[in-house]
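Working notes for the structure below.
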Amino acid sequence: MNPYSTETNPQLPHQECFAFRLRMLEQGAKELQEHIRRVDDILFKIKTSAITVWIALMGWSFTEKIWHLIPFGLIVILGFWLFEGFFRGIQARYLLASGRLTAFLNDDTLINTSFDRRSFPADTIYPMTFQSNEREKFIWYLKGLIAPSVAILYIFLLFLNIFLVYTLTTFN
70 MNPYSTETNP QLPHQECFAF RLRMLEQGAK ELQEHIRRVD DILFKIKTSA
120 ITVWIALMGW SFTEKIWHLI PFGLIVILGF WLFEGFFRGI QARYLLASGR
170 LTAFLNDDTL INTSFDRRSF PADTIYPMTF QSNEREKFIW YLKGLIAPSV
220 AILYIFLLFL NIFLVYTLTT FN
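When we follow the working numbering, the leftmost residue of the sequence shown carries the number 70, and every step to the right adds one.
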């Protein structure tokens, strides 16, 4: 007698399905963390590039005494801010999905019920795609722009750049 035969064990397809979903749940959790880490790397590179380009522009302007280049620093700052806000909005969606998954895994009642019933709640397994319309995407983008981890640096650079423009136009 084969214990893995569906004839001798009618629960087998259901058990195999649950085992597959469990593996996919584990893989989905790994993928979420990998996406978050990857976007963190991108955000760090964007921030580093913004500072590098802005300082290079300011350095060139001061070294060569080309004062009319300083206002272009505002364009550099705004461009990188918009770019970083886009990626921060994407990451926020992954963080939200990770939070939901973590809440599910830490809820004894939900996890025990899932294992007893051998099924998981909807959108728990491998939640890698986000179904949203353009309005929702835009809201996530705006949230990314105003996130303190993004906005503080760019606001500081904006004030610094405006101060330099004001100082140089007032005293030159």
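Think of the CB as a built atom: it goes at the ideal place given N, C-alpha and C, for glycine as much as any other residue.
Using a 10 angstroms sphere on the CB of G158, the tally of other CB atoms reaches 16 or more, which defines it as buried. Distance between F156 and S218, taken at the CA atoms: about 12 Å. Ranked by Cα distance from L165, the options D192, L237 and L112 are led by D192. 7 Å or more divides the Cβ of I115 from the Cβ of Y163. Note that the C-beta distance between V122 and V108 is not below 7 Å.
Annotated as proximal: M93 and I194, with beta-carbon spacing under 7 Å. For D177, the enclosing alpha helix (DSSP H) stretches over residues D177 to R186.
Within the model, the alpha-carbon separation for L143 versus F207 is close to 23 Å. Boundaries of the alpha helix (DSSP H) around F225: P217 to F240. Assigned with DSSP and collapsed to three states, F189 falls in coil, not helix or strand.
Of all alpha-carbon atoms in L138, R186 and G128, the one lying nearest the alpha-carbon of R90 is that of R186.
Between A161 and K99, the CB-CB gap reaches or exceeds 7 Å.
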